[in-house]
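K.L.:
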Amino acid sequence: MARVKASRSCETAELVSAYLDGQLLPGELDTVVAHLGECADCIEEFHRLKEIRAALRTLPFLEMPERLLPDTHLGEQLSAYLDGQLDTSEHDFVISHLDFCTDCRLELHELDSARTAIRSLPGLEPPEFLTVHQERIKRERWTRRRVVAAGVGIAAAAAFAFGILGPTNESGDLDITPLFDQHQARVSVDAGFNVIPAFAPAGDSP
Amino acid sequence: MADERTPTWEDVARVYGRKIYNFAYRLTGNPDDAADLVQEVLLRVRKGLGSYTPGSFDGWLWRITRNAFLDGVRKQKRRPTSPLPEDDRNVLATSPSPDEVLASVRLSEDIQSALLKLPLDFRECVVLCDVVGLTYEEIAEAIESPVGTVRSRIHRGRKMLRELLTWPV
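Respectively, the protein sequence lines represent chains A and B. Position 54 of the first sequence, counting from 1, maps to 54 under this note's numbering, and the rest follow consecutively. Position 70 of the second sequence, counting from 1, maps to 70 under this note's numbering, and the rest follow consecutively.
#1: So, aspartate 21/A versus cysteine 129/B, is the Cβ gap smaller than 8 Å?
#2: Please classify leucine 27/B: does DSSP put it in a helix, a strand, or coil?
#3: Measuring CB to CB, does glycine 72/B end up less than 8 Å from leucine 37/B?
#4: Are at least three pairs of beta-carbons, each pair with one atom in the region 20-39 of chain B and one in the region 42-53 of chain A, less than 8 Å apart?
#5: Thinking C-beta only, is phenylalanine 122/B closer than 8 Å to arginine 153/B?
#6: Which residue from Leu134/B, Thr149/B, Gln112/B, Arg156/B puts its Cα closest to that of alanine 55/A?
#7: Would the region 16-35 of chain A and the region 136-152 of chain B be scored as touching if the rule is three or more Cβ pairs under 8 Å?
#8: How should isoleucine 95/A be labelled, buried or exposed, when 16 other C-beta atoms within 10 angstroms of its C-beta is the threshold for buried?
#9: Residues of the region 22-55 of chain A in Cβ contact with chain B at a cutoff of 7 Å, in chain order, please.
#10: Report yes or no: is there a C-beta of chain B within less than 8 Å of the C-beta of proline 126/A?
#11: With three or more beta-carbon pairs closer than 8 Å as the criterion, would you say the region 127-143 of chain B touches the region 52-63 of chain B?
#12: Have a look at aspartate 30/A and lysine 117/B and give me their C-alpha separation to the nearest angstrom.
#13: For threonine 102/A, count neighbouring Cβ atoms within 10 angstroms of its own Cβ and tell me buried if that reaches 16, exposed if not.
#14: To the nearest angstrom, how far is it from the Cα of alanine 157/A to the Cα of threonine 143/A?
#15: Starting from the C-beta of glutamate 137/B, find all residues in its chain whose C-beta is less than 7 Å away, skip the five residues before and the five after it, and write them out in chain order.
#16: Report yes if the CB atom of histidine 97/A is closer than 8 Å to the CB atom of leucine 82/A, and no otherwise.
#17: Could you name the residues of the same chain whose beta carbon sits closer than 6 Å to that of glutamine 85/A, not counting the 5 residues immediately before and after it, in chain order?
#18: Going along the chain, which residues of its own chain have a beta-carbon closer than 6 Å to the beta-carbon of leucine 108/A, five neighbours each way excluded?
#19: Report the neighbours of valine 16/A on chain B: residues whose CB is nearer than 8 Å to its CB, in chain order.
#20: Listed from N- to C-terminal order along the chain, which residues in the region 125-145 of chain A have their beta-carbon within a distance smaller than 9 Å of any beta-carbon of chain B?
So, in structure tokens, the structure goes:
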């Protein structure tokens, strides 16, 4: 195993990595550069650290497993985007997503084609038989409504008339007293005449 | 990513997912643990985005990532010592020359196994710097330590790595 006999005694040794990374604080650069010019150990350390830093940075940057990626395809947002129906934040999100998502760009293109095709269809008149049929249905409905309305009117008029002429008391309840009086009147007439009762009592039949 | 706009969870997954995965993989040496960490981080990000105050998003995200990693380590109570899994080989198999492929795989294996021998404090600083590409200041924010500590850990971590690696470059 290789040994680093680095400048353990040098106070500036620890700055060598920061120097390599361009992360020195203001004022430290001059110190480090001046020190490297005169310290062989730190020069050696500098080269070793540079080597390992380079090696670390050659590590492959691995792909993240696809299953970890969220399913963020735009879906119905694409149609809303085409129709200008997104609010500002959604619109920005769609734009940024389309920057990197080939699938969504393709889908957008297809939706746009379909939308254009649909919108280019000519406006058609309905067939004549359909128009005639519709007219007939309209007429029948109109007639039915007139009959019902007339019936309702007659019923309402009858109810009204009954309400005016009919036997009601002040409270609006049905008053049967006049009927009772008429019955009394008939009884009083019976006294002098032979009146055939409307209903023969049971057991009185000859 | 711009600090002034809070990214969505999907943005984080797309933009940072791969970096988080590589960070986790280099720290654990295990693709399954790395994938678990990505999922855990994304879950925490999703929960935390509501209360996130626009500022240094990277610092916030990497702090979450590091905490999730440390929680995982505490939970498992084991140090990751798995050998280099297939992933590296798969990625490198696209290199043109078989000799180069072999050399690269060996190099990656050597570095990965050396990384796993570093103390965790040093390992995370080296990985955040050399694999993820954060600045010292961003690392300091992520690990909630002063920049001086970060600088020292990166330097000492690299020195240890160099001692552990036997290959001449």
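For glycine and all other residues, C-beta sits at the position ideal for the given N, C-alpha and C. Computed from a predicted model, the values in this text were never measured in an experiment.
P.N.:
Considering the structure as presented:
#1: Against a cut-off of 8 Å, the Cβ pair of cysteine 129/B and aspartate 21/A comes out as a contact.
#2: Of the three classes helix, strand and coil, the one that applies to leucine 27/B here is helix, per DSSP.
#3: Note that the C-beta distance between glycine 72/B and leucine 37/B is below 8 Å.
#4: Cβ pair count under 8 Å is below three, so no.
#5: Closer than 8 Å, so yes.
#6: Ranking the options by Cα distance to alanine 55/A, first place goes to Gln112/B.
#7: Short answer: they touch.
#8: With fewer than 16 other Cβ atoms within 10 Å, it is exposed.
#9: Of all residues in the region 22-55 of chain A, only Gln23, Arg48, Leu49, Glu51, Ile52, Arg53, Ala55 come within less than 7 Å of chain B when Cβ atoms are compared, listed by chain position.
#10: Chain B, which has no Cβ nearer than 8 Å to the Cβ of proline 126/A, makes this no.
#11: They touch, by the three-pair rule.
#12: Cα-Cα distance, rounded: 35 Å.
#13: Around the beta carbon of threonine 102/A, fewer than 16 other beta carbons sit within 10 angstroms, so the residue counts as exposed.
#14: Rounded to the nearest angstrom, the two C-alpha atoms are 21 Å apart.
#15: Close CB contacts of glutamate 137/B within its chain, under the 7 Å cut and outside five residues either way in sequence, are with Val147 (chain order).
#16: No, these two residues do not count as a Cβ contact at 8 Å.
#17: So no residue of the chain qualifies.
#18: For leucine 108/A, where only same-chain residues beyond five positions count, the Cβ hits under 6 Å are Leu78.
#19: Under the 8 Å cutoff, chain B gives His155.
#20: Per Cβ criterion, the list is empty.
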